[in-house]
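In the UniProt record's numbering, the protein residues as written are 1 to 363.
As structure tokens, then:
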């Protein structure tokens, strides 16, 4: 059993490090997931509504803390640093994650838990099963915790803590080091709006108390239709909710024509307005040089009109769903460059480029 405990230690340590690093690469993504959970709990547990709503402004801090804890605990487990304390902390954190994934799966809430960020998408029940597996391994580690020989490796844990926090801070002040989102540089948006191959469906019917499944819709009218499921899930479009419009109508297809430099304004509540003068200067510099500046926002019509005027932004604005804007860019404001529907550049407001850099990317 000691061998099983050692194997469990390696598996748990590596999985925690991988999960934590993936999420530290994009802590804002984990922030959004935590906000979803807080909103769900606020609705489902009305007695604690104000408590959970009060946690939403702290979601980013929780995100950085949890992701850093995953990495540090995984490393501490592998190097044998304070095995008793680390094993109990691992048990505490996996019980927390198991509860979240069970809640998601059983009540069909927050259907993507974000366990591995944007790198690996798991269904709610798969996420719950993964956490049950880890829980079993961690219980083995807790049981044999006294058998693990503590080692003086505090310096490794301290360095890993500082390094993890450094990754998080960099991602927050710039953009994720590794962009795993569908709107990343090099991605073609129109192609991702289409299935990679024709979708195939499995049709389920009932008749005389028996269940029948067909890959082709049957002609038998006595069958009672129950459900239809996609067989080749991987062929589904990677992007399903990208839509751009204004009061005059749909503008989605127009965004794929020519070269567009989009100023992303996710909302008007937490936008860094200090970055707008440099961004506005850039928009004016590329206008008339084959690049069309456009503002994408989810803001209220009257508010955005007033906001654009007060900051002397001369680009036209269009609306996009707030969730889509969060996925396109983790910065508010930020810049997104498309040429014929292909992403050529993305910038955090801290990294606003010069006009020459933008023009060189679309030559």
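Think of the CB as a built atom: it goes at the ideal place given N, C-alpha and C, for glycine as much as any other residue.
- Counting only residues of its own chain and dropping the five nearest sequence neighbours on each side, residue 149 has no CB closer than 6 Å to any other CB.
- When rounded, the separation of the alpha-carbon atoms in residue 51 and residue 42 is 8 Å.
- Secondary structure of residue 271 (DSSP, three-state): coil.
- Residues of the same chain with a CB within less than 6 Å of the CB of residue 231, apart from the 5 flanking positions on each side, are 200 and 202 in chain order.
- Cα atoms of residue 197 and residue 237: separation of roughly 9 Å, rounded to the nearest angstrom.
- Here residue 188 is bridged, per DSSP, to 342.
- Taking the CA atoms as reference points, residue 191 sits about 14 Å from residue 257.
- In the DSSP assignment, residue 12 falls within the alpha helix (DSSP H) that extends over 2-24.
- Within the same chain, and ignoring the five residues on either side of residue 275 in sequence, the residues whose Cβ sits closer than 7 Å to its Cβ are 333, 349 and 352.
- With 16 or more other CB atoms across the displayed protein chains lying within 10 angstroms of its CB, residue 346 is buried.
- By the Cβ criterion, the segment 11-21 is not in contact with the segment 168-188, since fewer than three pairs of Cβ atoms, one from each stretch, lie closer than 8 Å.
- Taken in chain order, the unbroken stretches of alpha helix (DSSP H) that lie wholly in the segment 90-161 and span 4 residues or more are 124-143.
- In this structure, the beta-carbon distance from residue 344 to residue 144 does not fall below 8 Å.
- Look at residue 249 here: in three-state DSSP terms it is strand.
- Residue pairing from DSSP leaves residue 284 without any beta-bridge partner.
- The straight-line gap separating the alpha-carbon atoms of residue 227 and residue 105 is approximately 20 Å.
- By the Cβ criterion, the segment 25-35 is not in contact with the segment 120-134, since fewer than three pairs of Cβ atoms, one from each stretch, lie closer than 8 Å.
- Note: residue 206 is bridge-paired with 211 and 224 in the DSSP secondary-structure output.
- Where residue 33 is concerned, the enclosing alpha helix (DSSP H) starts and stops at 27-44.
- Measuring C-alpha to C-alpha distances from residue 357 to each of 78, 285 and 331 identifies 285 as the nearest.
- 8 Å or more divides the Cβ of residue 306 from the Cβ of residue 280.
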